[in-house]
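Here's the structure, in structure tokens; my notes come after.
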Amino acid sequence: MIRTIAALALLAGPIPASAQRAPSWEGIWRNGSNSVRIKAARCGAGQGSGMCGRVVWASPKAQDDAARGGTARLVGTELFHDFRRDDDGLWYGQVYVPDIDKTFDGTIELVDRNTLVGKGCLLGNIACKTQTWKRVR
């Protein structure tokens with residue numbers, strides 16, 4: 025029986041990188057100015073679900089800036105939506121910018137266990153903004 029299982033495993037070949045469990049960035053993160061904190065967690069159902077980041081705390085100034093931009097309630101807003109890890113190690117998904125009430129394609133790079141770098145661009149690789157997030161817990 026053990027030989028049969030081993031033979032089947034060999035026939036199946038190695039697991040592709042995209043199918044392996046990607047490193048997790050679940051937890052609470054703060055932006056560089058510590059004006060916004062998000063909770064990153066799996067979103068959607070099933071094993072292939074992406075990662076999302078929802079605001080759990082925001083400074084009064086960040087809340088006012090978001091309100092001026094058209095986001096009435098910043099706390100509870102999903103800033104990162106359905107990020108999925110690609111073979112290049114980057115996570116690709118949608119970034120919502122509450123100050124201007126717009127959503128853009130973006131990437132997230134898990135630099136190390138406690139550092140995320142998010143990047144969003146208006147058109148292709150034009151007018152890009154990068155933001156570093158640090159793990160709170």
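Numbering (this note's numbering), first residue to last: 25 to 161. Note that the Cβ used here is the ideal one computed from N, Cα and C, for glycine as well. Remember, it's a predicted structure, so these values are computed and weren't measured experimentally.
Distance between D136 and C145 (C-alpha atoms, nearest Å): 23 Å
Going by DSSP, what residue range makes up the beta strand (DSSP E) through R92? Premise fails: R92 lies in the alpha helix (DSSP H), P84 to G93, not in any beta strand (DSSP E).
Pick out whichever of L134, H105 and A65 has its Cα sitting closest to the Cα of K126. H105
Under 7 Å between the Cβ atoms of A64 and E50? yes
Alpha carbon to alpha carbon, what distance is there between T154 and G148? 14 Å
Residues bridged to W49 (per DSSP): None, per the DSSP bridge assignment.
Closest Cα partner of A151 within the set K143, N55 and R109: K143
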